[in-house]
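First up is the structure itself, then whatever we jot down about it.
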Amino acid sequence: MNCPAPTATGFSVQGGHAEYLVAAAAETVLIPDGLAPELAAPVLCSGYTAWSALRAAEPQPAERVAVLGIGGLGHFALQFSRACGFETIAVTRSADKHAPAKELGADVVVADGAQLREAGGADVILVTGPSYRAASDLLQGLRVNGRVVLAGLDPAEPFTIPPVMAYPFFAQGQKVLGATHGGPRYLREALELVASGKVTPRVEAYPAERVAEAVEKVAKGDVRFRAVITY
1 MNCPAPTATG FSVQGGHAEY LVAAAAETVL IPDGLAPELA APVLCSGYTA WSALRAAEPQ
61 PAERVAVLGI GGLGHFALQF SRACGFETIA VTRSADKHAP AKELGADVVV ADGAQLREAG
121 GADVILVTGP SYRAASDLLQ GLRVNGRVVL AGLDPAEPFT IPPVMAYPFF AQGQKVLGAT
181 HGGPRYLREA LELVASGKVT PRVEAYPAER VAEAVEKVAK GDVRFRAVIT Y
């Protein structure tokens, strides 16, 4: 991700559904023994991103981690945080996501920044959803020296610090970080957490002949967490 001229399958080059790929051995990571391919697959993107975001924040013992967005990225972030022993807060405005968030490891579920503040705030906020407006709102629940990590993209508007939050933000030493993929080490760590059973990807598996159906469901937003194509 730090290359001066990166290429990404499915974005700048074709081959997203290829069965084989030529790659430099030094840039590959072995899948742990016993880990099913359909569970390993989502770790290579969303799981890797979520784990890299948590690692970028460098949470310390007794700190609280909040996760905005309970989708493909967020369901990993909740589980990773919980697996590491952090008190974990899920942030979602969707009532139907409260129960799944608790199942994924959330100790508390809140709807917005005001509720996050009332719940005691968070030292780390992982933004895994596509709304930077919602992320900005959560600043009112960010603790002293807190870190906001942008792990998802908002295609509609930039991340901003509301004027009313500007003084507290710099006076309290808060930070905004960006994180995507943190190198092979982080990918290995994410895969090992899944292989250990501490984190379980939620997937909907489709055989290769149903790939069009899977793509259509993803485009419509009908896949709650992650769709996987099996070969």
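The sequence shown lines up with residues 1 to 231 when you count with full-length UniProt numbering.
All residues carry an ideal CB built from backbone N, CA and C; glycine is no exception.
Under the three-state reduction of DSSP, L73 is assigned to coil, being neither helix nor strand. The Cβ atoms of V199 and A83 sit closer than 8 Å to each other.
Excluding sequence positions up to five before and after P59, its CB lies within less than 7 Å of the CB of V65, F86, D123 and V124, all in the same chain and listed in chain order. Secondary structure of E204 (DSSP, three-state): strand.
Counting along the chain, K97 sits inside no alpha helix (DSSP H), nor does DSSP assign it H or E at all. For A77, the closest of D96, A57 and A95 by C-alpha to C-alpha distance is A57. Around the beta carbon of K175, a 10 Å sphere encloses fewer than 16 other beta carbons of the protein chains shown; the residue is thus reported as exposed. Taking the C-beta atoms as reference points, V149 is found nearer than 8 Å to A179.
When DSSP states are grouped into helix, strand and coil, A66 belongs to the strand group. Annotation for D123: the continuous beta strand (DSSP E) segment containing it runs A122 to V127. DSSP places T7 outside both helix and strand once states are collapsed to three, so it counts as coil. When the five nearest sequence neighbours on each side are left out, the beta carbons in the same chain lying within less than 6 Å of the beta carbon of V91 are those of A66, L68 and V110, in order along the chain. A Cβ-Cβ contact shorter than 8 Å links A40 with I31. Boundaries around L150 are those of the beta strand (DSSP E), L142 to L150, since no alpha helix (DSSP H) includes it.
Each residue's CA atom was taken as its position, placing M165 and P4 some 35 Å apart.
Our two residues, G34 and H75, have alpha carbons roughly 22 Å apart in a direct line.
Boundaries of the alpha helix (DSSP H) around A195: P184 to A195.
In chain order, A50, W51, L54, L193 and V199 place their CB closer than 7 Å to the CB of F80, counting only its own chain and leaving out the 5 sequence neighbours on each side. Its chain contains D137 as the residues whose beta carbon lies nearer than 6 Å to that of D112, once the 5 sequence neighbours on both sides are disregarded; these appear in chain order.
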